[in-house]
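S.K.: Chains as they are written, first to last, in the working numbering: chain A, 1 to 653; chain B, 1001 to 1653. Note that the Cβ used here is the ideal one computed from N, Cα and C, for glycine as well.
#1: Is the CB of residue 448 of chain A under 8 Å away from at least one CB in chain B?
#2: Helix, strand or coil for residue 1505 of chain B per DSSP?
#3: List, in order along the chain, the chain A residues whose C-beta lies closer than 7 Å to that of residue 1538 of chain B?
#4: Residue 189 of chain A and residue 373 of chain A - do their beta-carbons sit closer together than 8 Å?
#5: Hey, could you find the ends of the beta strand (DSSP E) residue 607 of chain A is sitting in?
#6: Reducing DSSP to helix, strand and coil, say where residue 1479 of chain B ends up.
#7: Are the Cβ atoms of residue 287 of chain A and residue 273 of chain A separated by less than 8 Å?
#8: From residue 1632 of chain B to residue 1642 of chain B, what distance separates their C-alpha atoms?
#9: Mind checking whether residue 291 of chain A and residue 118 of chain A have CB atoms under 8 Å apart?
#10: Starting from residue 359 of chain A, follow the alpha helix (DSSP H) in both directions and report where the run begins and ends.
#11: Once you ignore the five residues that flank residue 1618 of chain B on each side, which residues in its own chain have a CB closer than 6 Å to its CB?
#12: Rounded to the nearest angstrom, how far is the Cβ of residue 531 of chain A from that of residue 575 of chain A, given a contact under 8 Å?
#13: Starting from the Cα of residue 1138 of chain B, find the closest Cα among B:1514, B:1564, B:1571 and B:1361 and give me that residue.
#14: For residue 1536 of chain B, which three-state DSSP category applies?
#15: What is the DSSP secondary structure of residue 1511 of chain B, reduced to helix, strand or coil?
#16: Residue 1342 of chain B and residue 1481 of chain B - do their beta-carbons sit closer together than 8 Å?
#17: Give the single residue among A:113, A:205 and A:318 whose Cα lies nearest to the Cα of residue 223 of chain A.
#18: Quick test of your reading: residue 1397 of chain B and residue 1358 of chain B, contact by CB under 8 Å. State the CB separation rounded to the nearest angstrom.
#19: With H, G and I counted as helix, E and B as strand and the rest as coil, what does DSSP make of residue 1577 of chain B?
#20: What does DSSP give as the partner residues of residue 1516 of chain B in its beta bridges?
#21: Compare the C-alpha of residue 637 of chain A against each of A:518, A:212, A:383 and A:186 and name the closest.
#22: Measuring alpha carbon to alpha carbon, tell me which residue in B:1515, B:1276 and B:1428 is nearest residue 1299 of chain B.
#23: Do residue 555 of chain A and residue 534 of chain A have their CB atoms nearer than 8 Å?
#24: Give me the chain B residues within the contact set of residue 51 of chain A, using Cβ-Cβ distance strictly less than 8 Å, ordered along the chain.
#25: Helix, strand or coil for residue 1390 of chain B per DSSP?
#26: Indicate whether at least one CB of chain A lies closer than 8 Å to the CB of residue 1208 of chain B.
#27: How far does the alpha helix (DSSP H) with residue 254 of chain A in it reach, from first residue to last?
#28: Tell me, please, whether the CB atom of residue 1613 of chain B is closer than 8 Å to any CB atom in chain A?
#29: Given that residue 366 of chain A touches chain B, what residues does it touch there, using C-beta distances under 8 Å?
#30: Taking Cβ positions only, does residue 14 of chain A come closer than 8 Å to chain B?
#31: So what does residue 531 of chain A bridge to, in DSSP terms?
#32: Within 8 Å of any Cβ in chain A, is that where the Cβ of residue 1560 of chain B sits?
#33: Determine, using beta carbons only, whether residue 1 of chain A comes closer than 8 Å to chain B.
#34: With distances taken between CB atoms, is the gap from residue 1424 of chain B to residue 1104 of chain B smaller than 8 Å?
#35: Assuming residue 591 of chain A and residue 539 of chain A are in contact, meaning their beta carbons sit under 8 Å apart, how far apart are those beta carbons, in whole angstroms?
#36: Express the C-alpha separation of residue 78 of chain A and residue 67 of chain A in angstroms, rounding to a whole number.
So, in structure tokens, the structure goes:
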């Protein structure tokens, strides 16, 4: 603020003589325009479900135009497709090839995570990306099966039907879950409930991903050590148990030799890619190289005869139709719905997070709800063409981005390559050693453990850190769903705690200004003799109204005690800065009334500064404005203080 | 604000030439003093559990003094007792007699609500009030059985053990529930969890009380119409069914005659008391008069021979010990704990609400946690002396207050009169017609239906109204617990909705000031060319971070469109007023970072105005301050605008 302003003077009582009492207030906190309940509800509804006003562009357009717009809205490809150029196509082809080479080995590996036959992984990288390319609005996301969702499906489905004894039924259940995952996603998008995904906070996701990564990594010890008998549990204890119980004769040294050496190779490639961003293709190509090399080695040495487990069977040809396999009736229907819903939501969170990240980098906006519709449709169609839940993959999307993809066309290219793979070379994959797949998975999920993010959480917000740890330990010690549940609960507990125990700050005047700030934050701020200024740092609700009242009265009591000790003038005015008070409910208003009653008994006048729109309306409706008096409601704390000083003056005069 | 101030000038770019660029800011938003995690947690813990700093007075006192203070803290009677005078005693005696005459008939009636023998009602008005008088801190509350809690106990206990076929076991279960109700209350108080009671919002309580009153009233039709077979369900449908199914031969005209005539008498008395506050004793005495008159009538006419049901059995003598009757083991223990906990909490809410109301009127403070400890101990002792859950009664406390009670001594007086009643005249009560008790209950619970409050809820806060209705219909159509549950859920849903979809308001300058206010609330406010000012009306959390980001970007897009249409200068600065943003979590900071990224792409500079203590700390820790630049964080929106204008100027110059 300026020194030459007169603000520093008006704050002292003496000077207020300089301004005539008659001086009218330039502005006052009047009664806001009354809204009908329908306007209120309508506004709430709109802001909750249609904050982005999706139909805006449709307004006053001819029907034909409306249809085209609608088509473009549902299939963005007809929108960006029109500006598609050969240049873009070139970069998309390169990106597409790169992610294809990365996805093929990953797909086979992830399918095993979900206890499905390897070809299902490839199927899921053929159809869904095509659908997404037409409906999705993200340009960088790479669609396909991902580690976490595969793990989640595997752990949720295998207790229902044992994949080993009854693989056919198990696959059917998986397809059922996929179908309902798609339905869930599409429904969330269609009913504009996209915001529910935000309830899984960043902190929770970080912890949950790290936990999942470690769980997945540990499970790979099965393949990496060539262990035959292995637990289906995912919690760290039972996994480690079944690892070391096998240590004596369960481990196979050839397998370990191959697995570990290639794992080192992959990690080195990763490291190179990290060090030099230009070499991003090194880690991208590495897995396929591993697969080819290891397959050759096994093929030549016939290591599979010496206990090195290999993929063995992998079906040739593209996705068989599977609509008839989905359980629409019978005992497994409900299970399928439940598991599908969970998997669908987790898949969403991952995809939406990725979409947002890259949208922010390239500064284009993606519509969460539209994305969900796209992902949903893609999984519904997928479930009818032998695909399991597909979504956006962190690792592949990053590669896609670095490879310079321009549009979703890179997904089409990728899916075409997967198509060729399925038609031609899948039989060769049967010699891939499981150890290599394990190595590929481990090197892929390692990135999901984001230590840096965790440290940041600790530094910035301890509560977020706790939520993150809750998710992490929940996942590794109990199960994926529980982990998520814990994190969500902690996150909301935080919000409620903040609402239940808001800060009630003591304000003081910043010398030389009419500004009043928290004296904790601004030690320079000085209190006003004869007046106490507090600010309530939250909306006033039933859950905090009594606290706010009591806390304020306590500030008052403490101050009065201080004043008595250092015989300062007794407090005659209580000013409440309402700026942060966005909303108030009836309990809150009762608290204010009680507060006012008890300070009136002590001949202290209540003043309100800068109450907002909603609050003002409610204060009027409740008649509290008349109780405090319209002229004790001020535009700023400064005005309030000036009014108090004037009153004090009049009395002393 | 003042006209002669220079604020109105500084807001226009042209004038900023008048102040030298070198002019130092008087104050700036620096880095707040860093708190260790332990300080943070410690503060949160203290404000959550010890906001009233209960041990303050104990600080640096000699042990002996500490002991005395401790004694007074647990037994306030040793505190206020010392200033007790004969004058106070006189008023307490009068008040005590008045509430005694009111409570005796009510006790007998309420005991029937809980399916207990009538004497248990009287027992519960003898011991608990004595305990409370020593430990309680409210001066006006009148302790004893109340309608709602009696109903709750009855409905929760009777499904477990049938009170008619197995009254002994039933009574034992009731005592068990009472014991654990006391334990729950004492525990809440002891562990400083008193604030949990606030989670039952005012709106919920209003609806719940009204619902309970109607349920109770309807149940009284049994007694009033002299129906023998009656449902144990409390929901309105099954009650009305069993009323009208009996209409043909179930009703007893003599009973109806007596019941209805006395009900009218009671209501008239109530009306008189309402019209003329001085005659408060008329409704207070009316019930006892009814009892005496009706008893005489029945005694003389032997109406009980003509199907008028009477109390029949009522035991003489004071509370027998009952500690040995409580189920500390066996199948009923768990049931007892669960029911006790529910009843205990409901009883608390009622008592605390009453305590607060009268404390506010007479301006003395009651310590919620201490109250709970008192009520808890009183019920624990009660459960060992044949009392069922007692708490503060709305109706009797009001009478107590109007009769001019000074201290809890009025409770002692009342309990002494109950004692005499038990010793001497109980046998006479056996002729009381049940119809009279029904009439007394109806006339008592009518007050619980507070139409005025409901209308106020509707006027002030639609959401509170919905919560209230939820509780109301939940209670009358389903059950008391469900009703409460519904209300609590709605109340919290509201808070979360408010946090998930905060208002992002567009701010404008109030002409002639440096103030920036919501242009919706202050139509006079005018926007600043080249700058967009928004205010986020909530803390920024994971649940709203994306919404806040998108909403802000939308404001930006809309404004830019407007500017293009009415070719105004393009927006170069985005100012976010952070005043209401009390807290921010990592998701929130990510949202800000994304926001900043995407506006930088459009060459728009981000400014933050007046971020609070917590937010500032986190912005520093996350390094976001360096991203925006320290000099783009301002003390007020005014400063921010001035800075923007200066920049715009420099560019144009």
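M.R.: Let me spell this out:
#1: No, its Cβ sits nowhere closer than 8 Å to a Cβ of chain B.
#2: Reduced to three states, the DSSP call for residue 1505 of chain B is strand.
#3: Residues of chain A whose Cβ lies closer than 7 Å to the Cβ of residue 1538 of chain B are, in chain order, 582.
#4: The beta carbons of residue 373 of chain A and residue 189 of chain A sit closer together than 8 Å.
#5: Boundaries of the beta strand (DSSP E) harbouring residue 607 of chain A: 605-609, taken from the DSSP string.
#6: In the structure shown, residue 1479 of chain B sits in coil (DSSP, three-state: anything other than H, G, I, E or B).
#7: Their beta carbons are not under 8 Å apart, which means residue 287 of chain A does not touch residue 273 of chain A by this criterion.
#8: Distance between the alpha carbons of residue 1632 of chain B and residue 1642 of chain B is about 11 Å.
#9: At a Cβ-Cβ threshold of 8 Å, residue 291 of chain A and residue 118 of chain A do not count as neighbours.
#10: Run containing residue 359 of chain A: 332-362, per the alpha helix (DSSP H) assignment.
#11: Excluding residues up to 5 positions away in sequence, 1584 lie with their Cβ nearer than 6 Å to the Cβ of residue 1618 of chain B in the same chain.
#12: Between residue 575 of chain A and residue 531 of chain A the Cβ distance is about 6 Å, and since that is below 8 Å, they are a contact.
#13: It is B:1361.
#14: Strand at residue 1536 of chain B.
#15: In this structure, residue 1511 of chain B counts as coil in the three-state DSSP scheme.
#16: Result yes, Cβ atoms of residue 1481 of chain B and residue 1342 of chain B sit closer than 8 Å.
#17: If we check each option's Cα against that of residue 223 of chain A, A:113 comes out closest.
#18: Between the beta-carbon of residue 1397 of chain B and that of residue 1358 of chain B there is about 7 Å, and that keeps the pair under the 8 Å contact cut.
#19: Secondary structure at residue 1577 of chain B: strand, using DSSP grouped into helix, strand and coil.
#20: Note: residue 1516 of chain B sits in a beta bridge opposite B:1509.
#21: Residue A:518 is the option with its Cα nearest to residue 637 of chain A.
#22: With distances taken between Cα atoms, residue 1299 of chain B lies closest to B:1428.
#23: Yes; because the gap between Cβ atoms is below 8 Å, this pair is in contact.
#24: Per Cβ cutoff of 8 Å: 1501, 1547, 1550, 1551 and 1554.
#25: For residue 1390 of chain B, the secondary structure class from DSSP, reduced to helix, strand or coil, is coil.
#26: No, no contact with chain A.
#27: Looking at the DSSP string, the run of the alpha helix (DSSP H) that includes residue 254 of chain A is 253-275.
#28: The beta carbon of residue 1613 of chain B falls within 8 Å of a beta carbon belonging to chain A, placing the residue at that interface.
#29: What residue 366 of chain A touches in chain B: nothing, since even the nearest Cβ is about 10 Å away.
#30: Unreliable positioning characterises residue 14 of chain A in this predicted model, as indicated by a pLDDT of 37, which lies under 50. The coordinate reading is nonetheless provided below. Residue 14 of chain A does not count as touching chain B.
#31: For residue 531 of chain A, which the question treats as bridged, DSSP gives the partners A:573.
#32: With its beta carbon at least 8 Å from every one in chain A, residue 1560 of chain B lies outside the interface.
#33: Its pLDDT being 35, under 50, residue 1 of chain A is placed unreliably in this model, and the value from its coordinates should be taken loosely. Judged by the 8 Å Cβ criterion, residue 1 of chain A is in contact with chain B.
#34: Result no, Cβ atoms of residue 1424 of chain B and residue 1104 of chain B do not sit closer than 8 Å.
#35: So it is not a contact: roughly 12 Å between Cβ atoms.
#36: Each residue's CA atom was taken as its position, placing residue 67 of chain A and residue 78 of chain A some 12 Å apart.
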